[in-house]
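In our numbering, the protein residues as written are 27 to 531. A short write-up of the structure that comes next.
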């Protein structure tokens, strides 16, 4: 078979230089048939079989292999025969050819039987549709690589995307993602499409009908959107957000994002979502941001208030002033505790309430059998029982990292009152943390230690001066007491104090 270059050389010699076929064949050392073929077409000839290749060994078994492949399609996916298994069966039935020939024939059959899935191009009206999905991504949180769950919502018309990270895909995270997405889009789409996720679907019925979870029905009713659930196993029915999950992971989270907390990570992701508005999607005339500005007025308005995205439980207080949720123990202030309390678990925070009044707030823990203790919750009890101070778990854990000024103050107070009153006075100082910031109290304690006024009153005085540095001293008005008006202006003889030093002689 001649090359494309030689074919061009033959055609130029004949058509431009007007050489004969015989001369061209002689000069280029090719046959006349080759010259004739080059003159008939400038394209390289493709080799085709005039008849199928003979397969004397495999031929008698082709129908059997096809039957085995059809039988394979009816088996459960995890129990289907491999090409090697089929070869072993054929060998037992008398086939003596090579395994590679069987594999090649099976691959050809599979290609012939496989029909590519075709999809329709879709178009959506502004404001009508959005799609929701979950995905996973790795991040570096406080220096440690971990997997987070990413909630993704995408408007179908403008392609505007919202991504937010959570520790889990629990229902409260699912709802919280919706609320933040609605605020990001400045409105609620008329219809949202989902997979058949358990946080929304109680039972799959016929077709696209679903028995929805009660909490999801309440949430949907509050924000007034309709739901659409894809056919089981047919995620392409919401292909826009399926692509959005992959797009967000590849473009928003590569290289691995580094963050100190979920709040930090979600602030970074929100910024990337806003920057994505400047992108123009292929075959679209405008940017995502411009398309969203056309779509936003057609979204449903946000309700007057947001539903709290939390799980609510009635909790019983333990003897250690804690409530238990998902095996973890959260502390409650001992001076406000009640036997039965309400616990609200949000994606990142746990609130403990009594008659709608929040008693305690803790970061939510997703580990197991952990104690989440605020030492301030136990200070009133320690004030009553100072002997337990050194062994109380809340204090021992806090003491490992509290400021050096606290340790110095405790030492001075115990030195001054070794009978337990010193610890009690120290606890009273610590209770000032319920009113003043920790850094301000630390400064006040350092000042009090420097001035030598080592007690609660001294620390309170220093706190007052630090908290109100520009407040002028109060001038006493004595206009209605003229007999006292000369007080404070009299000359003082400081030598009189020497009598105290000499014993009064």
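We put the beta carbon where it would ideally sit given N, CA and C, even for glycine.
Use the C-beta contact count for residue i: other C-beta atoms within 10 angstroms, 16 or more gives buried, fewer gives exposed.
| i | result |
| --- | --- |
| residue 186 | buried |
| residue 160 | buried |
| residue 483 | exposed |
| residue 496 | exposed |
| residue 203 | buried |
| residue 274 | buried |
| residue 138 | exposed |
| residue 198 | buried |
Rounded C-beta distance between residue i and residue j? I'm assuming under 8 Å.
| i | j | result |
| --- | --- | --- |
| residue 560 | residue 236 | Lying outside 27 to 531, the shown extent of the chain, residue 560 is not represented and no answer is given. |
| residue 391 | residue 201 | About 20 Å; that fails the 8 Å criterion. |
| residue 462 | residue 493 | 7 Å |
| residue 369 | residue 376 | 7 Å |
| residue 451 | residue 459 | Not quite, the Cβ-Cβ distance comes to about 15 Å (not below 8 Å), so this is no contact. |
| residue 337 | residue 371 | 5 Å |
| residue 299 | residue 206 | In fact, because the Cβ distance is near 10 Å, the residues do not count as touching under 8 Å. |
Whole angstroms is fine: what's the gap from residue i's alpha carbon to residue j's?
| i | j | result |
| --- | --- | --- |
| residue 500 | residue 487 | 15 Å |
| residue 109 | residue 171 | 40 Å |
| residue 144 | residue 97 | 26 Å |
| residue 115 | residue 83 | 15 Å |
| residue 415 | residue 525 | 44 Å |
| residue 85 | residue 123 | 10 Å |
| residue 279 | residue 363 | 44 Å |
| residue 325 | residue 351 | 38 Å |
| residue 180 | residue 173 | 22 Å |
| residue 433 | residue 345 | 29 Å |
| residue 436 | residue 449 | 7 Å |
| residue 8 | residue 135 | The shown model of the chain, from 27 to 531, leaves out residue 8, and the question about it has no answer. |
| residue 227 | residue 408 | 49 Å |
| residue 269 | residue 141 | 23 Å |
| residue 478 | residue 383 | 41 Å |
| residue 95 | residue 89 | 10 Å |
| residue 55 | residue 70 | 19 Å |
| residue 289 | residue 388 | 15 Å |
| residue 151 | residue 379 | 45 Å |
| residue 485 | residue 277 | 53 Å |
| residue 534 | residue 130 | Nothing about residue 534 can be reported from this structure: the residues present for the chain run from 27 to 531 only. |
| residue 91 | residue 99 | 13 Å |
| residue 253 | residue 333 | 18 Å |
| residue 481 | residue 444 | 14 Å |
| residue 420 | residue 426 | 11 Å |
| residue 149 | residue 305 | 19 Å |
| residue 111 | residue 133 | 14 Å |
| residue 195 | residue 77 | 59 Å |
Skipping 5 residues on each side, what residues in its chain have a beta carbon closer than 7 Å to that of residue i?
| i | result |
| --- | --- |
| residue 532 | There is simply no residue 532 to check, as the chain begins at 27 and stops at 531 in what is shown. |
| residue 397 | 355 |
| residue 184 | 314, 317, 318 and 321 |
| residue 31 | none |
| residue 402 | 459 and 460 |
| residue 87 | 116 and 121 |
| residue 247 | none |
| residue 284 | 166 |
Are residue i and residue j touching if we call contact CB-CB under 8 Å?
| i | j | result |
| --- | --- | --- |
| residue 559 | residue 296 | This structure cannot settle anything about residue 559, because the visible part of the chain is limited to 27 through 531. |
| residue 367 | residue 341 | yes |
| residue 328 | residue 208 | yes |
| residue 103 | residue 153 | no |
| residue 357 | residue 399 | yes |
| residue 239 | residue 257 | no |
| residue 446 | residue 470 | no |
| residue 33 | residue 64 | yes |
| residue 343 | residue 165 | no |
| residue 58 | residue 47 | yes |
| residue 212 | residue 182 | no |
Quick one: what's got a C-beta closer than 6 Å to residue i's C-beta in the same chain, skipping five residues either side?
| i | result |
| --- | --- |
| residue 456 | 405 |
| residue 74 | none |
| residue 113 | 125 and 128 |
| residue 193 | 392 |
| residue 176 | 161, 163, 189 and 191 |
| residue 303 | 314 and 315 |
| residue 519 | none |
| residue 17 | Lying before the first or after the last residue shown, residue 17 is absent from the chain, which here runs from 27 to 531. |
What does a CB cutoff of less than 8 Å around residue i pick up in its chain, not counting 5 residues either side in sequence?
| i | result |
| --- | --- |
| residue 45 | 39 and 53 |
| residue 7 | Summary: the structure shown does not reach residue 7, with the chain confined to residues 27 through 531, and so no result is reported for it. |
| residue 286 | 167 and 168 |
| residue 101 | 107 |
| residue 466 | 489, 492 and 493 |
Is residue i close to chain E, meaning its C-beta is less than 8 Å from at least one C-beta of that chain?
| i | result |
| --- | --- |
| residue 37 | Note that chain E does not occur in the displayed structure, where there is just one protein chain. |
The ligand HEM and residue i: does any heavy atom of the ligand fall closer than 7 Å to the residue's C-beta?
| i | result |
| --- | --- |
| residue 95 | Only the bare structure without any ligand can be found here, which leaves the ligand HEM out of the picture. |
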